[in-house]
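There are 6 protein chains.
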Amino acid sequence: MKPINQLRIQDEFVGFYLLKELNLRQTSGTPPKDYFDIVLSDATGQISAKYWDVTIQDKETFFPMQLVKIQGTVQSYRDQPQVKISRIRRATDDDGVSITDYVKAAPLRPVDLLHTIKLAIKSIAHEEIRMIVTYCADKVEDKLMHYPAAKSYHHAYFAGLAYHIVRMLEIGDFICKQRPFLNPDLIKAGIILHDIAKPEEMIAQMGIVTDYSNQGKLIGHIALASGWIVEAAIHHGISLDSELVLGLQHLVLSHHNLGEWGSPVQPQTAEAVALHYIDMMDAKLQMVEDALDTTAPSEPWTPMIRGLENKALYRLKIEEESVRSGNEKETIAPPSG
Amino acid sequence: MKPINQLRIQDEFVGFYLLKELNLRQTSGTPPKDYFDIVLSDATGQISAKYWDVTIQDKETFFPMQLVKIQGTVQSYRDQPQVKISRIRRATDDDGVSITDYVKAAPLRPVDLLHTIKLAIKSIAHEEIRMIVTYCADKVEDKLMHYPAAKSYHHAYFAGLAYHIVRMLEIGDFICKQRPFLNPDLIKAGIILHDIAKPEEMIAQMGIVTDYSNQGKLIGHIALASGWIVEAAIHHGISLDSELVLGLQHLVLSHHNLGEWGSPVQPQTAEAVALHYIDMMDAKLQMVEDALDTTAPSEPWTPMIRGLENKALYRLKIEEESVRSGNEKETIAPPSG
Amino acid sequence: MKPINQLRIQDEFVGFYLLKELNLRQTSGTPPKDYFDIVLSDATGQISAKYWDVTIQDKETFFPMQLVKIQGTVQSYRDQPQVKISRIRRATDDDGVSITDYVKAAPLRPVDLLHTIKLAIKSIAHEEIRMIVTYCADKVEDKLMHYPAAKSYHHAYFAGLAYHIVRMLEIGDFICKQRPFLNPDLIKAGIILHDIAKPEEMIAQMGIVTDYSNQGKLIGHIALASGWIVEAAIHHGISLDSELVLGLQHLVLSHHNLGEWGSPVQPQTAEAVALHYIDMMDAKLQMVEDALDTTAPSEPWTPMIRGLENKALYRLKIEEESVRSGNEKETIAPPSG
Amino acid sequence: MKPINQLRIQDEFVGFYLLKELNLRQTSGTPPKDYFDIVLSDATGQISAKYWDVTIQDKETFFPMQLVKIQGTVQSYRDQPQVKISRIRRATDDDGVSITDYVKAAPLRPVDLLHTIKLAIKSIAHEEIRMIVTYCADKVEDKLMHYPAAKSYHHAYFAGLAYHIVRMLEIGDFICKQRPFLNPDLIKAGIILHDIAKPEEMIAQMGIVTDYSNQGKLIGHIALASGWIVEAAIHHGISLDSELVLGLQHLVLSHHNLGEWGSPVQPQTAEAVALHYIDMMDAKLQMVEDALDTTAPSEPWTPMIRGLENKALYRLKIEEESVRSGNEKETIAPPSG
Amino acid sequence: MKPINQLRIQDEFVGFYLLKELNLRQTSGTPPKDYFDIVLSDATGQISAKYWDVTIQDKETFFPMQLVKIQGTVQSYRDQPQVKISRIRRATDDDGVSITDYVKAAPLRPVDLLHTIKLAIKSIAHEEIRMIVTYCADKVEDKLMHYPAAKSYHHAYFAGLAYHIVRMLEIGDFICKQRPFLNPDLIKAGIILHDIAKPEEMIAQMGIVTDYSNQGKLIGHIALASGWIVEAAIHHGISLDSELVLGLQHLVLSHHNLGEWGSPVQPQTAEAVALHYIDMMDAKLQMVEDALDTTAPSEPWTPMIRGLENKALYRLKIEEESVRSGNEKETIAPPSG
Amino acid sequence: MKPINQLRIQDEFVGFYLLKELNLRQTSGTPPKDYFDIVLSDATGQISAKYWDVTIQDKETFFPMQLVKIQGTVQSYRDQPQVKISRIRRATDDDGVSITDYVKAAPLRPVDLLHTIKLAIKSIAHEEIRMIVTYCADKVEDKLMHYPAAKSYHHAYFAGLAYHIVRMLEIGDFICKQRPFLNPDLIKAGIILHDIAKPEEMIAQMGIVTDYSNQGKLIGHIALASGWIVEAAIHHGISLDSELVLGLQHLVLSHHNLGEWGSPVQPQTAEAVALHYIDMMDAKLQMVEDALDTTAPSEPWTPMIRGLENKALYRLKIEEESVRSGNEKETIAPPSG
């Protein structure tokens with residue numbers, strides 16, 4: 001079964017794919033006929049597809065985010081490959097395929113990511129900090145198994161949020177060793193809490209954000225997470241005026257650094273400054289890595305990336321070249337005589 | 001007893017004033033002597049003053065924000081009036097003077113302002129909204145009797161915050177009648193809650209802000225008030241996911257309108273849009289009124305006002321002039337012939 | 001006859017509608033045929049339509065902004081309703097329909113709006129101010145009967161400008177009572193004059209702006225109105241250097257508050273500050289009201305609104321919910337023991 | 001008689017100078033004594049000065065902007081030269097000195113500048129344009145003899161405005177020849193009118209702006225000049241809706257290019273674009289020339305210049321150096337062998 | 001043979017044109033057929049075209065930027081003219097047509113432009129400056145014969161860069177005469193060097209930029225040219241620390257004036273300030289001239305121009321009108337009596 | 001010998017200190033007397049000092065940046081401690097003190113920092129990259145022993161630049177292991193080259209920047225370093241068009257990320273993105289660490305830090321508090337009953 005990024009024009013193929021998008025349309029003929037306008041996807045990419053001559057039964061059978069078995073041909077439409085589907089049926093339990101194999105996902109298993117996050121929480125020495133972090137993480141434990149970190153900005157895939165947290169924990173661990181004045185408990189807590197309300201802000205299925213929630217639009221994940229810390233403190237009888245509640249709320253509230261990026265206060269503790277740059281370091285380099293991964297190796301330039309000042313990335317070809325020997329025309333000598 | 005804004009150079013006077021600022025300094029002579037560098041104030045203004053030859057006992061007697069009885073002379077120093085204090089003593093209970101008479105204050109009595117605010121709360125029809133507003137207002141009831149609304153931006157005086165709320169309630173009442181699609185309960189709640197955590201954000205005495213609190217700097221009054229709504233809802237068993245908690249948090253979080261002005265989300269309900277403009281209307285016009293009030297009537301221009309695009313205000317003299325009769329030189333006629 | 005916002009797919013209907021847009025197009029067939037691409041509108045909304053097989057006579061009969069009688073069927077095209085017109089004719093006098101019934105209009109009759117504006121002018125106590133305001137308002141009296149206040153930003157409908165003025169006069173009246181230091185004559189004059197040159201800036205028909213005039217693009221309504229005040233003063237022999245001409249020009253020139261919003265000077269009189277916020281209060285809340293009105297009540301979110309920081313508005317559902325009783329899972333208790 | 005920029009510490013001197021600033025102060029001794037804190041100036045620069053032991057008669061004799069005869073010594077105060085005045089008297093007619101010799105002035109005589117401007121007006125071929133320009137220029141003819149072009153930004157000296165206009169006319173003349181599609185009448189008119197209301201905006205004496213007028217603050221020179229064009233057109237019976245009035249108002253209104261720089265509309269005619277850049281070219285290069293002129297030739301860097309992105313200017317020393325012969329250490333050769 | 005800007009719907013024509021764009025597409029029929037989607041251009045403009053029934057041989061014959069002979073008919077498609085090509089063949093040497101006649105080009109011949117630039121270089125008096133300028137100009141001499149100055153911003157046509165340099169040299173010559181403190185050698189050098197690396201930054205054919213080069217994207221023409229000056233100095237044994245190398249690098253690095261416009265340093269020499277405004281004056285007025293030239297004379301407004309604050313330009317009609325005689329209704333008289 | 005940060009008012013002391021600043025002033029008495037206005041410093045901080053009755057010989061003996069032996073008394077002046085110097089002499093070789101002990105310095109020895117940097121260069125696998133980095137580093141090897149990384153922004157002390165490079169190399173090493181797609185040679189090269197021209201941009205003595213050089217102001221360290229790469233490539237006969245020269249120049253040119261921060265191009269390779277965030281991470285956390293170190297441990301807040309959004313930093317006191325047990329008043333319970 002061919003992965004989508006290997007389908008070429010004129011290929012005929014059979015295989016299981018995800019109905020990432022599915023819309024019912026009508027042809028412009030007389031009388032107009034129903035057809036499905038489809039986006040098929042698997043873990044390697046996506047491709048547009050058409051299924052003509054849709055029946056009434058088809059309309060009640062197929063929906064977005066289902067796994068289906070397809071028989072089709074790859075055609076060319078406006079210079080782009082497009083699948084003409086000749087046969088389609090829903091996947092069944094007997095097919096032995098799992099939807100998680102068909103979505104772009106973090107490179108580590110969710111269960112392992114969650115395990116790492118839990119170990120990090122357990123390693124927080126300060127009891128009250130650990131209790132608050134645990135309370136908040138428990139609220140979204142299920143969603144951490146699959147939520148992305150953002151709609152499209154970065155880590156926009158299955159378990160992307162958990163993966164973002166885990167990589168940040170690695171950076172946090174390094175930076176606490178390099179700069180011992182940082183409090184490792186606060187760094188760990190800040191990393192785990194900073195985006196913890198994202199699953200409440202977004203509505204996602206299989207790592208794909210379809211919309212923001214009302215809470216997400218009207219409160220936002222930053223104020224939501226700050227409220228969860230209040231909740232957790234009340235639940236555990238920890239004073240809301242204590243330095244630790246103050247410090248944790250500050251970490252969450254300030255982690256976007258500037259008001260125009262959504263933070264009502266700016267970083268004013270050592271750990272809050274560190275948290276912002278740990279977050280930036282991981283998010284930006286993940287954008288870079290993902291852009292390079294999803295661009296064909298033969299392409300020197302990736303598409304433009306909104307989170308990187310809307311610039312494309314160039315693959316330098318350092319190794320292949322021989323730049324010194326006998327490249328006479330570039331050698332510049334002072335004039336003789 | 002002369003109010004400060006009527007003291008003129010060479011006046012000799014006796015009276016009660018507030019020690020708004022008091023600093024111990026040394027003269028540059030040999031040996032240096034201690035003296036007090038003082039700012040005296042009353043409800044009409046302030047003036048700088050010196051008290052020479054400070055004794056050890058004086059140092060233990062006089063502190064900022066005390067009421068004192070002064071005998072002094074107004075001299076001129078660098079073209080500015082300055083009081084040379086010849087005698088000074090602390091005011092006693094027998095003097096029958098009250099500190100509240102010596103600070104700039106809202107034009108209505110705090111007790112009346114608070115009464116108006118409580119009536120407004122009582123008039124909120126929706127029970128849960130009323131319960132949450134009551135819970136939050138109760139937290140700062142004492143401070144509402146005297147706190148200013150800001151350090152210097154607007155309503156920066158005794159009970160300025162309560163006065164700001166009361167005037168906004170008047171505007172809110174009008175606007176709800178003019179535009180019946182607005183929910184009066186939410187408008188009232190928004191007005192009372194929007195700055196309710198200001199007394200927690202600032203440290204103030206007699207209406208004068210001396211600093212921001214740690215909570216104020218690291219969390220800010222907007223996220224603090226949002227957290228109080230969470231607290232109140234938990235206390236009263238109101239679901240945190242309910243539309244009313246969502247709506248109230250949104251009102252508070254969005255009332256500064258833009259991220260760069262401190263709001264992590266922008267107004268996205270009818271009442272949130274209204275609240276922002278009710279707040280602006282009252283704050284800006286109060287700046288105007290206060291600037292005109294504290295500028296001598298003979299001055300056509302006030303000082304520059306930071307909150308009004310850093311512009312000064314001009315007093316138009318519309319009534320005094322006669323602009324039409326016989327003002328020949330301004331009459332412009334088409335050329336004859 | 002069905003209003004447009006009640007037409008549903010597969011409806012067959014007959015009725016009078018406005019040809020808001022009408023373009024002649026050709027089909028892609030061989031040979032291509034002419035057809036009309038149409039937008040029908042009435043006071044409740046608009047819908048796209050097609051009229052196939054256009055004759056030479058049709059081309060000379062139908063033009064935009066005409067009232068027509070239509071017989072048609074509602075079909076679905078790209079998931080959107082679209083009318084297929086089977087018969088069409090121009091409305092005649094005998095039909096007893098008026099174009100003003102088919103455009104979105106202010107909720108009050110133009111004649112009543114104009115009457116209110118004239119009463120407000122008459123109530124200006126200061127003779128010269130009243131003369132100048134009258135002179136300027138007379139210039140556009142006819143257009144005040146139907147001009148919108150803006151192309152799309154706010155009050156973009158029949159008599160929208162007059163409606164905007166009238167609602168602002170209500171706010172101005174309230175605020176002058178609340179803050180007696182404001183000069184009511186200047187507030188009224190500022191409200192009436194601030195957008196008085198808008199009809200010269202825009203080209204509009206039936207409340208729909210089709211373009212900006214050359215004067216509008218090269219001078220703008222702010223400098224135009226300032227010039228009208230000069231004209232009026234010359235006409236009435238009022239000194240151009242008088243405080244009242246200065247004050248009126250300043251109100252008009254500064255009412256957009258900032259240079260980047262089109263004001264060459266910033267508000268520097270009490271009334272100029274008030275005018276800007278009265279304008280904002282009315283314009284923003286009208287955007288809110290119009291967005292909610294034109295969004296189906298079943299939709300929780302309106303479309304995005306450019307004038308409100310490009311945000312959509314959410315309809316809170318406060319009344320319907322029961323948020324306290326027995327909502328056990330949300331109740332948070334301190335840990336027992 | 002020594003010019004100010006040649007006075008050195010320990011010089012004793014006698015001469016005529018301008019009292020650019022004069023303030024009465026008191027010493028800090030007991031009893032305090034009156035003294036004058038003075039800024040002396042002439043066409044070459046300025047220097048601070050003190051006159052001790054001021055008499056009652058002195059206070060009634062000396063005022064700012066007078067010419068005086070001084071006998072004094074140059075001392076050093078805080079590393080800066082400062083004049084100690086031993087004798088002072090007002091200049092009389094018999095002294096044969098003229099205040100115009102003691103202020104920084106444009107390098108051409110005002111009468112010649114005005115003559116050039118009048119010739120330019122006379123050369124405008126289009127009668128109505130010429131009439132309007134004449135009308136506006138006549139309003140400020142007297143002030144053109146001495147007004148600066150700005151308070152400090154550029155051309156801030158005696159007759160600076162007329163000089164700015166004359167140099168711009170030279171540039172305008174060149175650019176109309178280089179690009180014949182530009183209308184020379186409009187270019188000349190735009191140059192003469194663009195800052196024509198500056199003398200109404202500012203209050204200046206001897207080329208030194210002491211303040212902005214009320215008209216200047218509340219209307220600004222841009223809207224003022226636009227109003228003068230309206231006046232002129234009415235006076236001469238030229239239609240306010242004509243293209244030429246539109247074109248002239250647009251030139252004036254748009255010449256600051258952007259809203260945040262004070263222009264309510266942006267340049268939208270060929271001549272308006274040209275006018276903005278002619279203005280910039282002349283204003284910026286004059287700032288450069290003046291900064292270099294008033295900085296001692298031995299200084300490689302001028303002070304920072306606000307109008308040039310707040311940067312200082314460097315004097316390159318191109319001619320003096322010998323940069324090639326035998327400068328072995330800088331010669332970079334490819335590695336041998 | 002008709003120029004493109006004179007082709008009208010229903011014209012049948014034969015002629016030579018440039019294949020500015022050519023894309024192979026498929027019809028939506030069954031089976032789909034190949035056709036060419038084409039943009040034809042000549043020196044007067046461009047038009048879209050279709051060539052149906054493309055053969056295999058056609059696909060190997062026709063490519064973008066070729067000259068072809070066309071027989072076609074002008075049809076109307078979506079209200080726009082579109083050519084239906086009936087016959088097409090490549091132009092041959094015997095046809096006597098030259099591609100340079102078919103592209104928009106500077107109004108002077110490249111060979112003359114280059115000659116003028118070389119004369120300017122020769123006239124640089126300072127030997128080392130002349131050597132460096134010569135070295136850099138030689139690097140792109142061939143490309144100066146045809147490269148545009150920008151992709152679309154300004155001078156975006158055949159030899160546009162050379163034309164931009166030549167016109168700037170004219171302005172530079174004038175301004176050096178008007179302000180003798182400017183060093184003419186540096187002005188000439190700055191003008192020639194400021195955009196000298198543009199041909200390395202962009203990939204262009206026949207004056208049409210198709211893309212930016214890797215060097216252009218990753219280094220940019222400003223840092224590239226600064227590096228060329230380093231190269232030239234090394235080549236000629238001129239000290240890299242000399243004032244002249246410093247001055248030349250500064251001219252190039254600062255000529256965009258602000259960091260956000262691409263200059264890592266701001267102008268800080270007299271000549272650098274002058275260079276920026278000479279560049280602006282020429283670029284902006286060329287945008288104006290080109291926009292007016294390519295807009296039909298009957299159109300009062302040009303399209304919007306990105307480089308001119310995204311504004312369109314208006315053609316004033318000053319000459320045609322008679323604005324004074326008997327235009328009674330506009331004459332404003334003071335009230336009589 | 002007491003370190004400066006332990007001097008208290010009324011201390012009498014003898015010791016060696018650095019004359020960080022020294023200015024000759026005159027007293028205001030008659031006749032005025034010369035005195036030295038001094039700032040003394042050592043590695044722990046600085047303090048102001050006065051030395052009265054300066055002799056002619058003193059003026060020729062003492063200069064800034066000298067080590068001196070002082071006998072003095074700490075007095076109080078305007079509430080600040082100030083040293084009155086009674087005896088002063090220059091330190092001699094026999095005193096056995098080294099200036100490097102008296103300046104704030106990086107926590108590692110310069111010789112060790114340089115050794116680490118050299119090892120990093122040696123570890124670059126790609127020969128040409130290593131050659132270019134070596135060439136550039138050799139240019140400033142001496143200065144790397146003591147130059148700061150900036151005037152005041154961050155690492156503003158002795159060998160601060162080398163320390164900045166070494167800590168960044170640690171981060172770079174970590175991040176290359178965490179994200180193997182990054183090229184370690186380019187990361188190392190980018191880290192060493194990014195600020196390599198800073199010593200040419202600034203004039204510093206003992207880690208204290210006194211000014212920027214002409215090169216620094218007119219070219220800037222970013223374009224300077226880019227030019228050095230050109231030089232190095234020419235020197236080693238490496239093609240200027242090669243991918244590696246392109247990649248290295250791009251790293252240097254883009255490392256400030258945005259045009260307004262001084263980068264003429266934005267990061268567009270994976271390593272350039274990484275370099276910017278490695279730089280930010282180190283610079284910002286060093287600002288944090290230095291601010292906390294130089295603020296007395298008893299102070300909860302540091303001064304404001306310009307590089308951290310102009311915010312102060314707060315020291316959270318997490319460990320000391322007991323926040324849960326019996327803090328009854330903060331425990332919030334749902335209402336009973």
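Protein chains in written order, with full-length UniProt numbering: chain Y, 1 to 337; chain A, 1 to 337; chain B, 1 to 337; chain X, 1 to 337; chain L, 1 to 337; chain F, 1 to 337. Note that the Cβ used here is the ideal one computed from N, Cα and C, for glycine as well.
query: Which residues of chain A have a Cβ atom closer than 8 angstroms to the Cβ of Y314/F, listed in chain order?; result: N214, K217, L218
query: Can you check whether the CB of L313/X is closer than 8 angstroms to the CB of L285/X?; result: no
query: Buried or exposed, going by whether 16 or more other CB atoms sit within 10 Å of the CB of E60/Y?; result: exposed
query: Return the chain-ordered list of same chain residues with a C-beta closer than 8 angstroms to the C-beta of Y135/A, the five sequence neighbours on each side being excluded.; result: W228, E231, A232, H235, H236
query: Name the DSSP bridge partner or partners of K151/B?; result: Paired residue(s): none; K151/B is not in a bridge.
query: With 7 angstroms as the C-beta to C-beta threshold (strictly closer), list the residues of the stretch 217 to 239 of chain A near chain Y in chain order.; result: K217, L218, I219, G220, I222, A223, S226, G227, V230, E231, I234
query: Please report the residue range of the alpha helix (DSSP H) in which G160/F lies.; result: 160 to 178
query: Threshold first: 4 residues or longer. Then list the alpha helix (DSSP H) segments lying entirely within the UniProt domain "HD/PDEase" (157 to 293) of chain A, N to C.; result: 160 to 178, 184 to 193, 198 to 201, 214 to 218, 220 to 235, 243 to 254, 270 to 293
query: Per DSSP, R25/X forms a beta bridge with which residues?; result: Y35/X
query: Note down, one range per segment and in chain order, each alpha helix (DSSP H) of at least 4 residues found wholly within the stretch 65 to 116 of chain L.; result: none
query: Does DSSP classify V133/B as helix, strand or coil?; result: helix
query: Rounded to the nearest angstrom, what separates P3/A and G96/A at their Cα positions?; result: 17 angstroms
query: Run through DSSP, which three-state label would A49/B get?; result: strand
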